[in-house]
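S.K.: The opening residue of the sequence shown carries number 518 in the numbering used here; numbering runs sequentially from there.
We put the beta carbon where it would ideally sit given N, CA and C, even for glycine.
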Amino acid sequence: MTILAYDLGASSGRALLGRLVNNKIEVEEIHRFSNDPVQVGERLHWDVLRLYYEIKQGLVKAKQLKVEPQSIGIDTWAVDFGLIGSSGELLGNPYHYRDRHTDGMMEKVFTAIPQTDIFERTGIQFLSFNTIYQLAALQQNGSPLLRDAQHFLMIPDLLRYYLTGDMLNEFSNATTTQMFNPLTGDWDGELIERLGLNRSMFGQVVQPGADAGRIRPSVSAELGVGNIPVIAVAEHDTGSAVAAVPALQRPFAYLSCGTWSLMGTEVERPVINETAYRLNFTNEGGVDGTYRLLKNIMGLWIVQELKREWDQAGRGQSFAELVKLAGEAKPFTAFIDPDAAVFLPPGGMEARIRAYCEQTGQQLDRSPGAIVRCVLESLALKYRYVLELTEQLSEQQFNGLHMVGGGIQNKLLCQWTANAIGKPVWAGPVEGSAIGNMIVQWIARGELADIWEARKVIRDSFEVEHYEPAEQQAWQDAYGRFTQVTGL
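1) Buried or exposed for residue 642, going by 16 or more other Cβ atoms inside 10 Å?
2) Is the beta carbon of residue 693 less than 8 angstroms from the beta carbon of residue 595?
3) Look at the Cβ atom of residue 749, then the Cβ atom of residue 898, and state whether they are nearer than 8 angstroms.
4) CA-CA distance, residue 741 and residue 589?
5) Residue 569 to residue 606, Cα distance in whole Å?
6) How is the beta strand (DSSP E) around residue 777 delimited, first residue to last?
7) So, is residue 638 buried or exposed, given that buried needs 16 or more other C-beta atoms within 10 angstroms?
8) Going by C-alpha distance, which of 908, 893, 709 and 630 is nearest residue 776?
9) Using alpha carbons as the reference points, say which of 765, 910, 794 and 540 lies closest to residue 943.
10) Inspect the CB distances between the stretch 944-957 and the stretch 916-933 and report whether three or more fall short of 8 angstroms.
11) What do you reckon, are the CB atoms on residue 591 and residue 752 nearer than 8 angstroms?
12) So, at 7 angstroms on beta carbons, what are the nonlocal neighbours of residue 930 in its own chain, with the 5 sequence-adjacent residues on each side left out?
13) Should residue 791 go down as buried or exposed, given a rule of 16 or more other Cβ atoms within 10 Å for buried?
14) Look up residue 815 in the DSSP assignment and give the residues it is bridged to.
15) What would DSSP say about residue 983, mapped onto helix, strand or coil?
16) Looking at the strands, I want to know which residues DSSP matches up with residue 529.
17) Over the uninterrupted alpha helix (DSSP H) stretch that includes residue 619, give me the two end residues.
18) Using three-state DSSP, classify residue 572 as helix, strand or coil.
19) To the nearest angstrom, how far is it from the Cα of residue 863 to the Cα of residue 801?
20) With a 10 Å radius around its C-beta and 16 neighbouring C-beta atoms as the bar for buried, classify residue 987 as buried or exposed.
21) May I have a chain-ordered list of the alpha helix (DSSP H) segments no shorter than 4 residues that lie completely inside the stretch 680-765?
22) Could you give the C-beta distance for residue 699 and residue 787, rounded to a whole number, given that I count them as a contact under 8 angstroms?
23) Go ahead and pull the three-state DSSP assignment for residue 676.
24) Just checking my contact of residue 779 with residue 813 at CB under 8 angstroms: how many whole Å lie between their CB atoms?
25) Less than 8 angstroms separating the beta-carbons of residue 685 and residue 720?
26) Distance check for residue 878 and residue 672, CA to CA, integer angstroms please.
27) Taking Cβ to Cβ, would you say residue 631 is nearer than 8 angstroms to residue 689?
28) Within the chosen definition, does the stretch 571-585 reach the stretch 539-556 through at least 3 CB pairs nearer than 8 angstroms?
29) Using only CA atoms, which one of 717, 674, 958 and 983 lies nearest to residue 667?
30) So, for residue 603: in the same chain, excluding its five sequence neighbours on each side, which residues have a beta-carbon less than 8 angstroms away from its beta-carbon?
31) Pairs of beta-carbons, one from the stretch 834-853 and one from the stretch 866-884, closer than 8 angstroms: are there three or more?
32) In or out: residue 983 buried (at least 16 other Cβ within 10 Å) or exposed?
33) Taking the C-alpha atoms as reference points, what is the distance between residue 623 and residue 658?
34) To the nearest angstrom, report how far apart residue 857 and residue 518 are at their CA atoms.
35) Residue 773 to residue 559, Cα distance in whole Å?
36) Among the candidates 989, 581 and 956, whose CA atom is the shortest distance from the CA of residue 540?
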């Protein structure tokens, strides 16, 4: 059975065909495209119509290969959304989560709704770009979009709506809004109304694996394809990535590694208590009714921005070359907290890293290798910090860490992560989100029995690289300096 998975990240997207042959998964990438935000004046937007064009191109490429998939699933990043008016058309251009329109909005919301109340209702960590604060910013600014909006759709919901004409909200992504109540299993109407928002625009929430309609006739006619079924997968890409973790059983710890790093464990019930609130952990929806108890960590975004900056200045080198230089640079010269707010916006990343080091009394060499090494070492050490918090909060001990996602192609980071946490790292599969997308489709179609059979098939289908910890004393000493410098 051949299916089509669209996996859109913050910087690129791809369309992949998945085949289940003799209980092994075969993956074929048929289309890849960049995901480029657009700056308009002071605002930063997603080019969502271009993304929809690329979704359709994936179907065109499949047709050129003489393949008509039995179903389609779409996963993307979280928190961002579009608003649909009474005519069924998109109102305005969706904001990018790195846009500055949410600056100061968390604090303004907390004056109306206590922070503890929001956490008790949603179990979601506090990030300045969460959907709740984006909507609050529109409300604060008197945006006509909210006045005219009839439907609220997250980005994958929106792309799916364009394909099918059906408007549904998918569970894993809905939980990231910080407006979904896991205790009731639905939108928190009281919270939404206290924000001054219209509860009726938040629609039916469906679980991963739900039937989400079929390609609408106009799209079928335009592309020359059938009315292919569309499945609501775990549409938050991390939810799909965690579904693809090739673990044997719970408990297990995972790190989904890409532009963002998301570390946590899979639990059957959300963990909403004082400790989770204090540590700013989150409970995001998963597959099969589970929750992902996790914490966001800034991932390879900082290195991506450094590369972009150096490319523009004519000093460009490939990621592989930068990682090689980092491996050759002197170890443990300086550390940053990758999650410091200063590293969130795009642009001027090298200068901000230098300023951070100066403010914390550290000296950082000017070479690209030294700068990238500083970032990668700091990421690995931050992973240790968050893994220990995850063990504390979940009251579980993990015997190692599963790493999935594109970031695991950075073998240096995988090894340094093993060194930092003092435990084995199992890295794979690379296309975690896309494979998780696929297995939810196969489970929905009855080709796989459940998530555990799917994880066994993944283990049998893809190579998982094993990294053992090394240089333990040096990394232990570095961790002490890292926590001191960062104030963690």
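M.R.: With the structure as the only source:
1) buried
2) yes
3) no
4) 16 angstroms
5) 14 angstroms
6) 777-784
7) buried
8) 893
9) 765
10) yes
11) yes
12) 893, 896, 897 and 924
13) exposed
14) 777
15) strand
16) 551
17) Element bounds for residue 619: n/a, residue is neither H nor E.
18) helix
19) 26 angstroms
20) exposed
21) 688-691, 706-711, 734-740 and 754-760
22) 5 angstroms
23) helix
24) 6 angstroms
25) yes
26) 42 angstroms
27) no
28) yes
29) 717
30) 665 and 667
31) yes
32) exposed
33) 14 angstroms
34) 45 angstroms
35) 32 angstroms
36) 956
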